[in-house]
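S.K.: Before I ask anything, here is the structure I am working with.
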Amino acid sequence: MDLRLEDNPALHAAVQRGAPVVPLYIWSPKDEGEWAPGGASKYWLHQSLAALTASLESRGATLVIRTAPSAIDALTDVINETGADAVYWNRRYEPAIVKRDTAIKSELTKHGIAVESFNSALMFEPWEIKNKQGSPFQVFTPFWKTCLNMPTVSTPLPAPKQITPLTKPVKSQSLASLELEPRIDWAKGIRETWTPGEAGAHDQLTRFFDTIAAYPEDRDRPDCIGTSRLSPHLHFGEIGPRQIWHAARQHGALATTPGVARGEEKFLTEVGWREFAHHLLFHFPHTAGKPLRQNFEKFPWLRNKSHLRAWQKGLTGYPIVDAGMRELWHTGWMHNRVRMIVASFFTKDLLIPWQEGAKWFWDTLVDADLASNTLGWQWTAGCGADAAPYFRIFNPTSQGIKFDPNGDYVRTWVSELSRLDAKWIHDPSNAPEDVLRAADVVLGKTYPKPIVDHGEARVRALEAFAAIKS
DNA sequence: TTTTGAGTTGTTCGA
DNA sequence: GTCGAACAACTCAAA
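Quick note on the working numbering: the first sequence kicks off at 6 and runs consecutively.
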């Protein structure tokens, strides 16, 4: 899924052949198995496809859009209609897609079509990075060390200046016919927050570089813009990790103050985590639905529908959790630190299976990415690679105080608490009566009481972990 | 094969 | 108020 012209190896190779090129996008959500794009992703996809259509037009080409139950059907149609003798695409690494694309490749090859696929989504191929025993890494630090010792990250390719179209136009569906945009317009917040598309991705990268020196500290602060906010752009391939790698290296090298490049380094490590997530899902394809660590199969999860709903709606009674869940609902995105807090609350305070949380994120995040989502949830739940030790249970109140010290983040998203001062905003249920009254907060009415007591929930979680000890 | 050191992101308790 | 240790045991990765 690479909705960009720059550093797009499949497009580049196709243009290099010198023959006319038919840029084709196939919408075949059934191919994704259980993981067809959710609502927020579909909204983004629509905008990004519109942007791609425009930029292809500026190079003389038209994006052909097709829908099919399976990609092979649409592909075969287009090959028959155009007489194409070669098909190029950029690889995806999700288990269901690897399977599909392998089948497509052998099918087309059988019919004499020259098929070639390329890596544009990752810095390294999952099979390139392995430990001394030749198996995939399951710990991040040695994984990333090995990546950094690889010869080079290849240099990004330029966007083609001109793309030669077929003389006879190829039939295309309209973008609207994919019905990616919601019927009821709930996407206002997303629209106001983001600019999907390749140009938007590069603007975002440039903006981020202005503040990257503060990244190591500010990245943990949801009350300020300290993170790159590139995740949805990366997911849709509007920008690639290799472009980011080289841009950050270059930017870091320009820094004159010694130590300033620390920001770039730290940021690239995070891009490394994205890489790690993709490699892991490739090597352990069952992990999107099942824990990497088998002993977690018998973890005593609870299923409490009303807790699940309270979490989804941002009505748990823990302000930092509720702020995060509402930011997600409103903008299609949540700050990384807050993702950890809400996920820890979900899996440890509520003891609901991590898969349920992953599903909610899948439908509501504009950056929903199977590899990153899987790693993140399994890491928090303690059943994944390099996972958090069982005793690391976030205290939502102290996390709030630590990373949102003035309460600005909570005030932005939980308006009913906006008149509470910093001293009590993360702990309204313990605030004195007169403080609450002065801030127009009536617990249980204007804002919920905590749905679980964190102290008790912590003890309960520790007991649950003790139950699966071998 | 065996051994050794280490492992993104915390919290609580007691000195 | 601050600080360090305990919170288990396991698995991974490398020597």
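Just so it is clear, CB atoms sit at the ideal spot from N, CA and C, and this is done for glycine as well. This structure is a prediction, so every number in the text was calculated from the model and none was measured.
#1: Between residue 96 and the rest of its own chain, which residues show a CB-CB distance below 6 Å, the 5 nearest in sequence each way excluded?
#2: Using the Cα positions of residue 144 and residue 98, report the straight-line distance between them to the nearest angstrom.
#3: In the structure shown, what three-state DSSP assignment does residue 430 receive?
#4: From which residue to which residue does the beta strand (DSSP E) around residue 488 run?
#5: With DSSP run on the structure shown, which of helix, strand or coil describes residue 421?
#6: Can you tell me which residues form a DSSP beta bridge with residue 32?
#7: In three-state DSSP terms, what is residue 197?
#8: Apart from the five residues just before and just after residue 369, which ones in its own chain have a Cβ nearer than 6 Å to its Cβ?
#9: Near residue 446, which residues of its chain fall below 8 Å by C-beta distance, leaving aside the five closest residues on each side in sequence?
#10: I believe residue 226 touches residue 408 by the beta-carbon criterion, under 8 Å. Please report the beta-carbon distance rounded to the nearest angstrom.
#11: With a CB to CB cut of under 7 Å and the five nearest residues on each side skipped, what residues in its chain are close to residue 25?
#12: Going by C-alpha to C-alpha distance, which of 295, 159, 157, 131 sits closest to residue 148?
#13: Quick check on the DSSP output: the alpha helix (DSSP H) that includes residue 276 runs from which residue to which?
#14: Just how far apart, CA to CA, sit residue 265 and residue 218?
#15: Give me, in chain order, the residues of the same chain whose beta-carbon lies closer than 8 Å to that of residue 64; leave out the 5 immediate sequence neighbours on both sides.
#16: Excluding the five sequence neighbours on either side, which residues of its own chain have a C-beta within less than 7 Å of the C-beta of residue 357, listed in chain order?
#17: Nearest to residue 1 by CA position, among 120, 320, 381, 88, is which residue?
#18: Give me the Cα-Cα distance between residue 21 and residue 106, rounded to the nearest whole angstrom.
#19: For residue 259, does the count of other Cβ atoms within 10 angstroms reach 16, so buried, or fall short, so exposed?
M.R.: Based on what the coordinates show:
#1: Translated into the one-based positions of the first sequence, residue 96 becomes position 91. Answer for residue 96: 122, 124, listed in chain order.
#2: Taking the first sequence and counting its residues from 1, one reaches residue 144 at position 139. Taking the first sequence and counting its residues from 1, one reaches residue 98 at position 93. Straight-line Cα distance between these residues: approximately 20 Å.
#3: Within the first sequence, residue 430 is the residue found at index 425, counting from 1. Correct three-state label for residue 430: coil.
#4: What the structure shows of the chain is the stretch from 6 to 475, and residue 488 is not part of that stretch, so it cannot be assessed.
#5: Locating residue 421 in the first sequence gives position 416, counting from the first residue. Helix at residue 421.
#6: Position 27 of the first sequence holds residue 32. The partner list for residue 32 (beta bridge, DSSP) reads 72.
#7: In the first sequence, residue 197 corresponds to position 192, counting from 1. Residue 197: helix per DSSP, three-state reduction.
#8: Numbered from 1 along the first sequence, position 364 holds the residue referred to as residue 369. Cβ within range, chain order: 45, 333.
#9: The residue you call residue 446 lines up with position 441 of the first sequence. Result list for residue 446: 421, 422, 424, 425, 433, 436, 452, in chain order.
#10: Locating residue 226 in the first sequence gives position 221, counting from the first residue. Locating residue 408 in the first sequence gives position 403, counting from the first residue. Contact flag correct, Cβ pair sits at about 6 Å.
#11: The residue labelled residue 25 in the question sits at position 20 within the first sequence. So the list reads 169, 170, 171, once near-sequence residues are dropped.
#12: For the purposes of this step, residue 148 is taken as residue 143 along the first sequence, with counting starting at 1. Answer by Cα proximity: 131.
#13: Translated into positions along the first sequence, residue 276 becomes position 271. Run containing residue 276: 267-288, per the alpha helix (DSSP H) assignment.
#14: Here residue 265 refers to the residue found at position 260 of the first sequence. Here residue 218 refers to the residue found at position 213 of the first sequence. For residue 265, the pLDDT reaches just 49, beneath the cut-off of 50, and the residue's location in the model is therefore unreliable, leaving the point undetermined.
#15: Reading the first sequence from its first residue, position 59 is the one you call residue 64. The residues are 10, 164, 165, 166, 167, 168.
#16: As a first step, residue 357 is located in the first sequence; it is residue number 352 there, counting from the start. Here the set comprises 306, 307, 308, 309, 312, 313, 351.
#17: Absent from the structure is residue 1, since the part of the chain shown begins at 6 and ends at 475.
#18: As a first step, residue 21 is located in the first sequence; it is residue number 16 there, counting from the start. As a first step, residue 106 is located in the first sequence; it is residue number 101 there, counting from the start. Rounded to the nearest angstrom, the two C-alpha atoms are 23 Å apart.
#19: Start at 1 with the first residue of the first sequence, and residue 259 comes out as number 254. Looking at its Cβ environment, which holds fewer than 16 other Cβ atoms inside 10 Å, residue 259 is exposed.
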